[in-house]
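Asker:
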Amino acid sequence: MKTWRTQSTGLRQLVLALLVCVASDTAQAQEFVINNPLAADRFATLPADANFPEGIAANPATGDLFVGTFDVPPDGTGTNFILRFDRRGQVRAKLPLGPVPVTGLAFNPIDEKVYFARPAALFGLPSMVQRVPMDFDATTPVEDVVAITEVGAPPPRTEVTLDGQQIVTMFPDSVPAPNGLAFGRFRGESILAVTDSLQGALYIFQNPELAGPDCEQTTGCPQLIELMQVTEFASAAFPQLGINGVAILEGPEGELPQIFVTNTGDDRLLRLTADPTNPVVVVADSLEGADGIVPGPGNTLIVSMALGDELAVIDAGTGRILAELGEFRGIRRDGSPRGLLFPGSIVRVGNSIFANNLALPLSGNASEPELDVTTFTISRVRLPVRLPRLKAAP
């Protein structure tokens, strides 16, 4: 009887919502939605002059969120910021950065600073990873950490069609475009991984907190310990962005950590290996616009599908999708997206995933709901209490 009452109540709510939509001459359909327990709720609203939130990071000790913007012409105004939100979603600091956008963000617990990538080469300037203290304000100076150098074109890709013919894709020389950031540890030392979406490259620096104005004289500069460029990191598919998000899972003491990356154009989750003849393996395919990536509960990874407006919870061993969280549910009257719309970067704090609604129109086509967004937000998705368990392979 209890089960019947629960289902009946849900059915009555659905019927009432539909009746209200039909009965009202002025009602908009997207104003009436059925609650989805795995959907995303609005957590915070960006200031009116801060648009297109791209990178996001968190200080797990305080619950503060840090957000960078990708506000560039022709869609944006060309003014970018680093923002700090408290655990209740209130803006506590706004640092203006000028026309060069911010892509990936990461919080370093060692020096308690917020690191962020700046693809300034798009503006004819050196592309950099920079940082600010976690308690920054509107006047805090920005510190340079490392410059991202030019490495040339990624290797060409050869694929075979169903009838046995070859398709060869050649990639151009591109400017450095740092995107995703992630911190980890290897043999007791801190490391910072940086993805480059246009050059199809992954940089790994050691001890980034040692960066400073005098580091070249004191040999204390962050050391580049790995530069990897493989054809699997590049993409010629829409939106022509390759390697993007990155996550580092620490392995047993003394062993290499597991490093996972996404390829946005190829819709893939990839894992690096220690095999020089097969340095990258595909973990999962068909992840629409695979972007941000964070470790999930247990042996899972959570990947934001920027073009699919959802988050995928993926078994790291098999690549199986265990759950899909969030969804796009229309535009509110205030011009903000309901649910997820182009969730680029994500960060996990406890049992919650925070996602930026980048809402960036990519083609300007009338089919893009991003064109209607005038208020930019951060959404929160609660992780399900239980996830499906996969049966062991026979």
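If you count the sequence shown from 1, you need to add 617 to reach our numbering.
Even for Gly, the Cβ is constructed at its ideal location relative to N, Cα and C.
1. Beta-carbon separation of I919 and L928 under 8 Å?
2. Between the Cα of M1037 and those of M751, D752, F733 and T756, spot the shortest distance and give me the residue it belongs to.
3. Thinking C-alpha only, which one of G934, V847 and I963 is nearest G862?
4. Under a Cβ-count criterion, where at least 16 other Cβ atoms within 10 Å of its own Cβ denotes burial, should A644 be classed as buried or exposed?
5. Is it buried or exposed, Q816, if we count other Cβ atoms within 10 angstroms and call 16 or more buried?
6. Give, in chain order, every unbroken run of the beta strand (DSSP E) that is at least 3 residues long and sits entirely within the region 902-971.
7. On the premise that F850 lies in contact with L819, defined as a C-beta separation below 8 Å, what is that separation, rounded to the nearest angstrom?
8. Compute the Euclidean distance between the alpha carbons of G829 and P839, then round it to the nearest angstrom.
9. Which runs of the beta strand (DSSP E) spanning at least 3 residues fall entirely within the region 700-765, listed in chain order?
10. Answer yes if the region 721-729 comes into contact with the region 665-680, meaning at least three C-beta pairs across the two stretches below 8 Å, and no otherwise.
11. Can you give me the C-alpha to C-alpha distance between F971 and R804, rounded to a whole angstrom?
12. Any idea if R950 is buried or exposed, counting beta-carbon neighbours within 10 angstroms, 16 or more meaning buried?
13. For L886, report the span of its beta strand (DSSP E) as first-last.
14. Taking the continuous beta strand (DSSP E) assigned at G805, which residues delimit it?
15. Identify whether T848 lies in helix, strand or coil by the three-state DSSP scheme.
16. Just confirm the distance between the C-beta atoms of I699 and G685, as a whole number of angstroms; I'd bet it's less than 8 Å.
17. Could you tell me the distance, in whole angstroms, from the CA atom of E941 to the CA atom of T696?
18. Using the rule of at least 16 other Cβ atoms within 10 Å of the residue's Cβ for burial, across every protein chain shown, is I995 buried or exposed?
19. List the whole-angstrom C-beta distance separating V763 from R748, where the pair is believed to meet the contact cut-off of C-beta under 8 Å.
20. Who are the near neighbours of L1000 in its chain, counting only those whose CB is closer than 6 Å to its CB and skipping five residues on each side?
21. Taking the straight line between their C-alpha atoms, what separation do you get for F753 and T766?
22. Would you identify the three-state DSSP class for E985, choosing helix, strand or coil?
23. In angstroms with no decimal places, state the Cα-to-Cα distance between P772 and G906.
24. Measuring alpha carbon to alpha carbon, tell me which of L866, D884, C832 and E867 ends up nearest A592.
25. Please tell me whether A923 and F959 are closer than 8 Å, where the distance is taken between their beta carbons.
26. Comparing alpha-carbon positions, which option in T881, N725 and P690 lies nearest L581?
27. Would you report the Cα separation of L988 and G981, rounded to the nearest angstrom?
28. S807: which of Q823, V878 and P912 sits nearest, CA to CA?
29. Straight-line CA distance for G947 to S953?
30. If we count the other Cβ atoms within 10 Å of its Cβ and call it buried at 16 or more, is T694 buried or exposed?
31. By Cβ distance, which residues of its chain are closer than 7 Å to L889, with the 5 residues on each side in sequence left out?
32. Using a 10 Å radius around the Cβ and a threshold of 16 neighbouring Cβ atoms, would you call P670 buried or exposed?
33. How is E776 classed by DSSP in three states: helix, strand or coil?
34. CA-CA distance, A661 and V966?
35. Identify every run of the beta strand (DSSP E) within the region 663-687, keeping only runs that are complete inside it and at least 3 residues long; order them along the chain.
36. Between which two residues does the beta strand (DSSP E) holding F877 run?
Answerer: Quick answer:
1. In the sequence shown, the residue the question calls residue 919 occupies position 302. In the sequence shown, the residue the question calls residue 928 occupies position 311. A contact, by the Cβ cut-off of 8 Å.
2. One cannot answer for residue 1037 here, as it falls past the ends of the chain, which runs 618 to 1011.
3. Position 245 of the sequence shown, counting from 1, holds the residue named residue 862. Comparing Cα-Cα distances from G862 to each of G934, V847 and I963, the minimum goes to I963.
4. Taking the first residue of the sequence shown as position 1, residue 644 is located at position 27. Only weak support is given to the placement of A644: the predicted model assigns it a pLDDT of 37, under 50, and the value that follows is read from those uncertain coordinates. Counting Cβ neighbours within 10 Å, A644 comes out exposed, since fewer than 16 surround it.
5. Working through the sequence shown from its first residue, we reach residue 816 at position 199. Counting C-beta atoms within 10 angstroms of its own C-beta, Q816 has 16 or more neighbours from the protein chains shown and is therefore classed as buried.
6. Qualifying beta strand (DSSP E) stretches, in chain order: 907-912, 917-922, 927-932, 938-942, 945-948, 954-956 and 960-966.
7. On the sequence shown, position 202 is the one that residue 819 refers to. On the sequence shown, position 233 is the one that residue 850 refers to. About 7 Å separates the two Cβ atoms, so the contact holds.
8. As a working mapping, residue 829 is identified with position 212 in the sequence shown. As a working mapping, residue 839 is identified with position 222 in the sequence shown. Rounded to the nearest angstrom, the two C-alpha atoms are 9 Å apart.
9. Counting whole runs of 3 or more residues, the region 700-765 contains the beta strand (DSSP E) stretches 708-715, 722-725, 730-735, 745-750 and 760-764.
10. The region 665-680, when compared against the region 721-729, does touch it at the 8 Å Cβ threshold.
11. Numbered from 1 along the sequence shown, position 354 holds the residue referred to as residue 971. Numbered from 1 along the sequence shown, position 187 holds the residue referred to as residue 804. Just so you know, the alpha carbons of F971 and R804 end up roughly 30 Å apart.
12. Position 333 of the sequence shown, counted from the start, is the residue given in the question as residue 950. So R950 ends up on the exposed side.
13. In the sequence shown, residue 886 corresponds to position 269, counting from 1. Run containing L886: R885 to L889, per the beta strand (DSSP E) assignment.
14. If you number the sequence shown from 1, residue 805 lands on position 188. Secondary structure note for G805: it is in no beta strand (DSSP E), with a DSSP letter that is neither H nor E.
15. Here residue 848 refers to the residue found at position 231 when the sequence shown is read from its first residue. When DSSP states are grouped into helix, strand and coil, T848 belongs to the helix group.
16. Here the question's residue 699 lines up with position 82 in the sequence shown. Here the question's residue 685 lines up with position 68 in the sequence shown. Contact annotation, I699 with G685: C-beta distance approximately 5 Å; criterion of less than 8 Å satisfied.
17. By one-based count along the sequence shown, residue 941 stands at place 324. By one-based count along the sequence shown, residue 696 stands at place 79. One C-alpha to the other measures close to 34 Å.
18. Working through the sequence shown from its first residue, we reach residue 995 at position 378. Result: buried.
19. For the purposes of this step, residue 763 is identified with residue 146 of the sequence shown, where counting begins at 1. For the purposes of this step, residue 748 is identified with residue 131 of the sequence shown, where counting begins at 1. The Cβ separation is near 10 Å, so there is no contact.
20. Numbered from its first residue, the sequence shown carries residue 1000 at position 383. Answer for L1000: N968, listed in chain order.
21. As a position in the sequence shown, residue 753 is number 136, starting the count at 1. As a position in the sequence shown, residue 766 is number 149, starting the count at 1. Whole-angstrom Cα-Cα distance: 28 Å.
22. The residue labelled residue 985 in the question sits at position 368 within the sequence shown. DSSP, read as helix, strand or coil, puts E985 in coil.
23. For the purposes of this step, residue 772 is taken as residue 155 along the sequence shown, with counting starting at 1. For the purposes of this step, residue 906 is taken as residue 289 along the sequence shown, with counting starting at 1. One alpha carbon belongs to P772, the other to G906, and they sit about 22 Å apart.
24. Because the chain here runs from 618 to 1011, residue 592 falls outside it and cannot be looked at.
25. On the sequence shown, residue 923 is found 306 positions in, with the first residue counted as 1. On the sequence shown, residue 959 is found 342 positions in, with the first residue counted as 1. Yes; because the gap between Cβ atoms is below 8 Å, this pair is in contact.
26. Because the chain in this structure spans residues 618 to 1011, residue 581 falls outside the shown range and cannot be described.
27. The residue you call residue 988 lines up with position 371 of the sequence shown. The residue you call residue 981 lines up with position 364 of the sequence shown. Inter-residue distance for L988 and G981 is about 7 Å (C-alpha atoms, whole angstroms).
28. If you number the sequence shown from 1, residue 807 lands on position 190. Selected option, being the one with the closest Cα: Q823.
29. Looking up residue 947 in the sequence shown gives position 330. Looking up residue 953 in the sequence shown gives position 336. Approximately 9 Å between the Cα atoms of the pair.
30. Looking up residue 694 in the sequence shown gives position 77. The residue in question, T694, is exposed, as its Cβ has fewer than 16 Cβ neighbours within 10 Å.
31. As a first step, residue 889 must be located in the sequence shown, where it is residue number 272. Hits under 7 Å: I876, P896 and V897.
32. Position 53 of the sequence shown, counted from the first residue, corresponds to residue 670. Residue burial annotation: P670 is buried, with at least 16 other C-beta atoms found within 10 angstroms of its C-beta.
33. The sequence position of residue 776 within the sequence shown is 159, counting from 1. DSSP, read as helix, strand or coil, puts E776 in strand.
34. Walking along the sequence shown from the start, residue 661 turns up at place 44. Walking along the sequence shown from the start, residue 966 turns up at place 349. The straight-line gap separating the alpha-carbon atoms of A661 and V966 is approximately 15 Å.
35. With a minimum length of 3 residues, the continuous beta strand (DSSP E) runs that stay inside the region 663-687 are 670-676 and 681-686.
36. Walking along the sequence shown from the start, residue 877 turns up at place 260. Boundaries of the beta strand (DSSP E) harbouring F877: Q875 to N880, taken from the DSSP string.
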